[in-house]
Structure formats: structure tokens, C-alpha cells
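Q:
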Amino acid sequence: RTHRGPAHPMHRCRARHRPRCYRRQQRGGMLFRALGYSGLGFFALMSSFVNRAAKENLANGLRPRTGSSPGSLACCVRSLARQFQPRGPSNYFPQTLIRSMRGRMFFGGGTVPAKAGSIDSNKGSNTKSHSYDYLFRRPEKGEDARIKGTALIVLNTPIDPTIEWLLGNIWSRADVIVCADGASNRLYRLSHMEGGKGVAEKYVPHVVCGDLDSIRPDVVDYYRDKGVEIFRVEDEGSNDLEKSLRIVKERYGVNRAILCGGLGGRFDHEMGNVNALTRNIDDFDQIVMLGSSSLVQILGAGQHRINVDRQYLGPHCGLIPVVKPARVETMGLKWNLKGETLKMGGLVSTSNVLTADSVSIKTTAPLIWTTSLTVPPDGSGSSETAAGRAEALTVD
């Protein structure tokens, strides 16, 4: 400042305070820089956790509700908490933490219910309703008895009194009736044996299909003379049930299939039928398989409400995972599931008990839903006749 003359007194005052102000500014800058670097480190760490948890959620088939993502904080914290929680039933802290986070807009909704074991009842949720009343209820006089959009498929398993009662109750009400290959032999025997008089014309299906390696030539000629369509489908990659499902969907456009039989025979056949149901789950609104003592249905991923008539169904039921592990929540059972993971080699729900006429199920992957089945003995004649008929019909 020599060329401008002596410093102004105010300049000297500012110069005296400048070192102190500078130190304050320096300390403040260092503090903010430290906070900034800490924040960056924290968010970098959290982002790595979120990415890791999101990948785990997708790998396990965990799908969040609408409006959130697999990497949402609530979803990811649950995955992290599950990794650090002790093995055993004591997991109060992680579950409590997630329940408190659910429903907060900041956390994106999450995937864990507000109350363990509860079923989300949001108006926007896509809950599928299932009922089996049409299998057992006899229509009133003058009432339209037809079950619209329904195919009845008879499979090659023994026709015992239960299956015979169900056939008699459903036969005239289905839109299309299909016999899968060897089932035609059993149906023919049912129509012509002693005790089956008067039903020879009744039990004539619309279609017989399959690879036709089991049906007898005389049975083929008999049904062909009756005007039944005979389809030979050569496909080694599918069984007779899957071929029948393909025909009723492509040719008749039905959205529901009732399968009489398919349970109680060879185990590999049973598993093949379950596989056929799983492969066609997206093509039908409902596929129900009926055995002599069980009802089986494959439930897809999502929410389901099942109405059961406990006069015919129950008390025992089960939930068995297929395809991959499934996280399941239920209501209406004696031992409800509260978000546990069902998988083969781990936990499966068998010998459970119905406690209500409506069961709610939420699953992240396809499940086998099964209940015990009991039908009244009426319509099958005396017990001796029914027993003799069952014995004859179990012969291939």
C-alpha cells in the first residue's frame, strides 16, 4: 500500500480482526468438509448395501408391492436384518423395525405386512377369488345348471365311488368333456358293467385325446360310432393331461378345467400331472384336480381368497411350494404362516387345519393348495354295490 499512502484506520481494524475471522472460517470449512466426506461415505456404504440386498431380493423371488422397488430401503433393511438376526424364533427386533417402516412414503412402502400374518386388503390389490361350490351344489329345478367356460377332463386313474359321484354331479354341466387316452377304457367299463345300466348313453365324452397307446381298439370304435372326436397327439414332451389342456384351450376357449382323477395312481404320473398344472397355470383362471380323498389346485404368485364348503372340504389342508421357494402369509388356518419361506428341503405346510370358511393366501411363487375331500355316499347305490363297482373299476 506504499503507493496509495498510509492505511486507513478502518483498514488497520479489519487487519487486526482478519486473523481471528480467518481461523473461524477455516474451522467452519473443515467441519463442513468433514461432514460432507462422512455423508458421502455413508451414502456410498448404504448404496452398496442396497444393491446387495436388491440382488438378494430378486434372486429369492421377493417382489415388492406396487409403488416400491426391490432396492427400497424398507425392503433392503429387512434383507440385512435377516442376515444378522440369530437363528431361531427370536426375531422380535428386525420384525418390529420393519413393521414400523412399512407404509411410510419415505421408505417406498416395503414388502413386509403391517401385522404378522395379516393379508393386505388394499382396494387396489389384485386378489383372486376361488370357490368350489359348483362341484358339490345340485342346481335347483329350473335353474341354469351349466358351468360356463368349463372343461371336464377324465384322467386314467381308478374310478372309485367318490370320483363316480363327482362325475355324476358335473358331467351334464360342463361345456366340453374330454377323456385322456386310457381313461376311456375305465369310462366305457363304468357305462357297461352291472350296476351301470342306463348310464351307457350318459357317459359319452365329446373328445378322446392323447397318444392313444392305452385305449383299446374296441373302445375307439365304440366312441367313434357315438360321434366322439378322436385326437392322436404325438408329443413326447407332454403327458396326456397337458395334451388335453391344450386342446380344450385352443379349440374350445374354456377358462376353467376340472380334472377327475390324476391322484392315487403311480407317483411319477401324479408328479407329471402336477407339472402339467404348473406349466398351464397362466392359461386358465382355475384348474382343479380331484382325487378320491383330495382336492388340488396350483395357486400362482399373488393374493388369493379361497371359499371352502367345510361340509365337503377339510378339515386338513396343505401348502407345498413348486418351481422355487415362496414366502407365504395366510389367514383362516390353525397354523397360519407369517411370512415364512416354504421350499423343498426346508419348511412345507402339511396337515394344517381349516378354521374358517374363507382362507386368504399371499405367496411370492406358485404353490400347491390341497384339502381333504369327502362326498356324501348318496347316488352310488348300496355300500356292497359301490364296493364291488370300485373294485372292478380299479383294474386297468
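1202 is the number that the working numbering gives the last residue of the sequence shown; the numbers go up by one with no jumps. The beta carbon of each residue, even a glycine, is placed where N, CA and C say it ideally should be.
(1) Provide the residue span of the beta strand (DSSP E) that contains S1100, from first to last.
(2) Using the C-alpha atoms, what's the distance from T1147 back to K1130?
(3) With DSSP as the reference, identify every bridge partner of E1146, one or two as the case may be.
(4) From P1182 to S1164, what does the alpha carbon distance come to, in whole angstroms?
(5) What's the C-alpha gap between V1054 and N1061?
(6) Apply the 10 Å Cβ neighbour rule to S1050 and answer buried if 16 or more other Cβ atoms are within range, or exposed otherwise.
(7) Which residues mark the beginning and the end of the alpha helix (DSSP H) in which K1055 is found?
(8) Could you pull the start and end residues of the alpha helix (DSSP H) that P1213 belongs to?
(9) Applying the 10 Å Cβ sphere with the 16-neighbour rule, what's the burial state of K1168?
(10) From Y1029 to I969, what distance separates their C-alpha atoms?
(11) So with Cβ pairs under 7 Å, would you call R1038 a contact of chain C?
(12) Whole beta strand (DSSP E) runs in the stretch 1060-1090 with 3 or more residues, listed along the chain?
(13) Considering only residues of the same chain and omitting the five flanking positions on each side of V1114, which have a CB-CB separation below 8 Å?
(14) What does a CB cutoff of less than 7 Å around S1186 pick up in its chain, not counting 5 residues either side in sequence?
(15) Assuming A1132 contacts A1082 (C-beta within less than 8 Å), just tell me the rounded distance between them.
(16) Which one of Y1118, Y843, K934, G1071 has the shortest CA to CA distance from Y964?
(17) Hey, could you find the ends of the alpha helix (DSSP H) R1030 is sitting in?
(18) Got a sec, what are the start and stop residues for the alpha helix (DSSP H) I969 sits in?
(19) Just the C-alpha distance for N1086 and R995, rounded to the nearest angstrom, thanks.
(20) Within 10 angstroms of the Cβ of F849, are there 16 or more other Cβ atoms? Answer buried if so, exposed if not.
(21) Could you say which of D1091, R943, C985, G1124 lies nearest to L1101 if we only look at CA atoms?
(22) Quick one, which of V1010, S1155, V1014, K954 has its alpha-carbon nearest H1122's?
(23) With respect to the beta strand (DSSP E) encompassing A957, which residues constitute its N-terminal and C-terminal limits?
(24) State the start and end residues of the unbroken alpha helix (DSSP H) segment that holds L1119.
(25) Could you check which residue in L958, I959, Y940, T1084 has the C-alpha nearest to that of D950?
(26) How would you call N1142, buried or exposed, if buried means at least 16 neighbouring beta carbons within 10 angstroms?
(27) Check whether the stretch 974-989 and the stretch 951-962 touch, using three or more Cβ-Cβ pairs below 8 Å as the test.
(28) Given a cut-off of 7 Å on the beta-carbon distance, is the pair C1066 and L973 in contact?
(29) Is it buried or exposed for L1139, if we count other Cβ within 10 angstroms and need 16 for buried?
(30) Kindly indicate the opening and closing residues of the beta strand (DSSP E) around N1222.
(31) Would you say the beta carbon of A1063 comes nearer than 6 Å to a heavy atom of the ligand FMN?
(32) If you draw a straight line from the alpha carbon of G1078 to that of N1045, how long is it in whole angstroms?
(33) So what's M1095 in DSSP terms, helix, strand or just coil?
(34) Output yes or no for whether 7 Å exceeds the beta carbon distance between H1012 and I1036.
(35) Name, in chain order, the residues that DSSP records as bridge partners for G1016.
A: In this structure, then:
(1) Position 294 of the sequence shown, counted from the first residue, corresponds to residue 1100. Run containing S1100: 1100-1105, per the beta strand (DSSP E) assignment.
(2) Numbered from 1 along the sequence shown, position 324 holds the residue referred to as residue 1130. Numbered from 1 along the sequence shown, position 341 holds the residue referred to as residue 1147. So the two alpha carbons sit approximately 10 Å from each other.
(3) For the purposes of this step, residue 1146 is identified with residue 340 of the sequence shown, where counting begins at 1. BP columns for E1146 point to V1134.
(4) Stepping through the sequence shown from its first residue, residue 1182 is reached at position 376. Stepping through the sequence shown from its first residue, residue 1164 is reached at position 358. P1182 and S1164: Cα-Cα distance of roughly 22 Å.
(5) Counted from its first residue, the sequence shown places residue 1054 at position 248. Counted from its first residue, the sequence shown places residue 1061 at position 255. Going by the C-alpha atoms only, they are around 9 Å apart.
(6) On the sequence shown, position 244 is the one that residue 1050 refers to. The residue in question, S1050, is buried, as its Cβ has 16 or more Cβ neighbours within 10 Å.
(7) Residue 1055 sits at position 249 when you count from the first residue of the sequence shown. Residues 1046-1058.
(8) Since the first residue of the chain shown is 807 and the last is 1202, residue 1213 is not available in this structure.
(9) Along the sequence shown, read from residue 1 onward, the residue named residue 1168 stands at position 362. Buried, by the Cβ-count rule.
(10) Residue 1029 sits at position 223 when you count from the first residue of the sequence shown. Residue 969 sits at position 163 when you count from the first residue of the sequence shown. Approximately 21 Å, taken between the alpha carbons.
(11) The structure shown contains no chain C, having only a single protein chain.
(12) 1062-1066
(13) Taking the first residue of the sequence shown as position 1, residue 1114 is located at position 308. Closer than 8 Å at Cβ, skipping near neighbours: Y938, G1120, L1160, D1163, S1164, V1165, T1177.
(14) Here the question's residue 1186 lines up with position 380 in the sequence shown. With a pLDDT of 43 at S1186, under the threshold of 50, the modelled position of this residue cannot be trusted; read the value that follows with caution. Within the same chain, S1186 has close Cβ partners P967, E970, W971, A1192.
(15) As a working note, residue 1132 is residue 326 in the sequence shown. As a working note, residue 1082 is residue 276 in the sequence shown. Wrong, their Cβ atoms sit about 20 Å apart, outside the cutoff.
(16) By one-based count along the sequence shown, residue 964 stands at place 158. The question names Tyr, but residue 964 in the sequence shown is Pro. Looking at the Cα atoms, G1071 is the closest of the given residues.
(17) Locating residue 1030 in the sequence shown gives position 224, where the first residue counts as 1. Residues 1023-1031.
(18) On the sequence shown, position 163 is the one that residue 969 refers to. Its alpha helix (DSSP H) spans residues 967-976.
(19) Within the sequence shown, the letter at position 280 stands for residue 1086. Within the sequence shown, the letter at position 189 stands for residue 995. Taking the straight line joining both Cα atoms gives about 30 Å.
(20) Indexing the sequence shown from 1 puts residue 849 at position 43. Per the 10 Å Cβ criterion, exposed.
(21) Within the sequence shown, the letter at position 295 stands for residue 1101. Comparing Cα positions, the closest option is G1124.
(22) What you label residue 1122 is simply residue 316 of the sequence shown in a count that begins at 1. H1122 has its Cα closest to that of S1155, out of V1010, S1155, V1014, K954.
(23) Here residue 957 is taken as the residue at index 151 of the sequence shown, counted from 1. 953-960 is the span of the beta strand (DSSP E), which, as asked, contains A957.
(24) Indexing the sequence shown from 1 puts residue 1119 at position 313. It is not in any alpha helix (DSSP H) - L1119 instead sits in the beta strand (DSSP E) that spans 1119-1127.
(25) For the purposes of this step, residue 950 is taken as residue 144 along the sequence shown, with counting starting at 1. Nearest of L958, I959, Y940, T1084 to D950, Cα basis: Y940.
(26) Locating residue 1142 in the sequence shown gives position 336, counting from the first residue. Label assigned to N1142: buried.
(27) yes
(28) Start at 1 with the first residue of the sequence shown, and residue 1066 comes out as number 260. Start at 1 with the first residue of the sequence shown, and residue 973 comes out as number 167. In contact: C1066 and L973 (Cβ atoms closer than 7 Å).
(29) The count along the sequence shown starts at 1 and reaches residue 1139 at position 333. So L1139 counts as buried.
(30) Examination of residue 1222 is not possible in this model, given that the chain is present from 807 through 1202 alone.
(31) Although the ligand FMN was asked about, the structure shown includes no ligands whatsoever.
(32) The residue labelled residue 1078 in the question sits at position 272 within the sequence shown. The residue labelled residue 1045 in the question sits at position 239 within the sequence shown. Spanning the two alpha carbons is a distance of roughly 7 Å.
(33) As a position in the sequence shown, residue 1095 is number 289, starting the count at 1. It is a strand residue.
(34) Here residue 1012 is taken as the residue at index 206 of the sequence shown, counted from 1. Here residue 1036 is taken as the residue at index 230 of the sequence shown, counted from 1. Taking 7 Å as the Cβ cut-off, H1012 and I1036 do not qualify as a contacting pair.
(35) Taking the first residue of the sequence shown as 1, we reach residue 1016 at position 210. Per DSSP, R1038.
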